[in-house]
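> There's a structure below that I have some questions on.
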Amino acid sequence: MSEQMEHFRKQVYFWVSQIPKGKVTSYGAIAKLSGFPRHARHVSKALGAAPNRKKLPWQRVIGADGKIAFNPDSDHFAIQQSLLEQEGVKVTKGKVELKQYAWEHPLEGKKTTATKGNMQAEEFFR
DNA sequence: AACTTGACTTCAA
DNA sequence: ATTGAAGCCAAGT
Numbered sequence: 005m006s007e008q009m010e011h012f013r014k015q016v017y018f019w020v021s022q023i024p025k026g027k028v029t030s031y032g033a034i035a036k037l038s039g040f041p042r043h044a045r046h047v048s049k050a051l052g053a054a055p056n057r058k059k060l061p062w063q064r065v066i067g068a069d070g071k072i073a074f075n076p077d078s079d080h081f082a083i084q085q086s087l088l089e090q091e092g093v094k095v096t097k098g099k100v101e102l103k104q105y106a107w108e109h110p111l112e113g114k115k116t117t118a119t120k121g122n123m124q125a126e127e128f129f130r
């Protein structure tokens, strides 16, 4: 595994740990916060490979459309829905109402200039 | 060196 | 609100 991806994964785990209980965010948002804006798909990979899955609130990361990303017929899907409901997040037909549960993360509404691993945002990461 | 695979996203119908 | 195509990018074949 490359040095960059190593760093990427650490950032992912950190930011996921920052999501408040009862709130959710997207794979894309975590990728962006981690400094790798176009790596949404890799966030899922990192989560799947997380060494401390028991401690990490991975269930709070869902698709940008508010849907749980797993196949609705899978066990993973059922588990994620259950974990979310346990912390008060309502899931209807596999979807979470973002208006109500979206986490207002630190880069929300901020201008960012980034390519790979060097995210810059005004008034942030200074 | 291709070609395929995702726990993704965006945009246009 | 749904759906599909195109774009994305590291990893695995």
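Numbering follows our numbering, with no gaps: position 72 of the first sequence is 76.
We put the beta carbon where it would ideally sit given N, CA and C, even for glycine.
Taking the alpha-carbon of K27 as reference, which of G98, M123 and L88 has the nearest alpha-carbon?
In the first sequence, the residue the question calls residue 27 occupies position 23. Measuring from the Cα of K27, the nearest candidate turns out to be L88.
> Applying the criterion that 16 or more other CB atoms from any shown protein chain within 10 Å of the CB defines a buried residue, is A50 buried or exposed?
One-based indexing of the first sequence puts residue 50 at position 46. Label assigned to A50: buried.
> Does DSSP put Q22 in a helix, a strand or coil?
As a position in the first sequence, residue 22 is number 18, starting the count at 1. Reduced to three states, the DSSP call for Q22 is coil.
> I'd like to check one pair, Y17 with V65: are the Cβ atoms closer than 7 Å?
Taking the first sequence and counting its residues from 1, the one referred to as residue 65 is at position 61. Taking the first sequence and counting its residues from 1, the one referred to as residue 17 is at position 13. No, the pair does not count as a contact, with Cβ atoms beyond the cut-off.
> Using only the alpha-carbon positions, how far apart do V95 and K36 sit?
In the first sequence, residue 95 corresponds to position 91, counting from 1. In the first sequence, residue 36 corresponds to position 32, counting from 1. Cα to Cα, the separation comes out at about 25 Å.
> Which one of I34, F12 and M5 has the shortest CA to CA distance from A106?
Position 102 of the first sequence, counted from the first residue, corresponds to residue 106. Closest by alpha carbon: I34.
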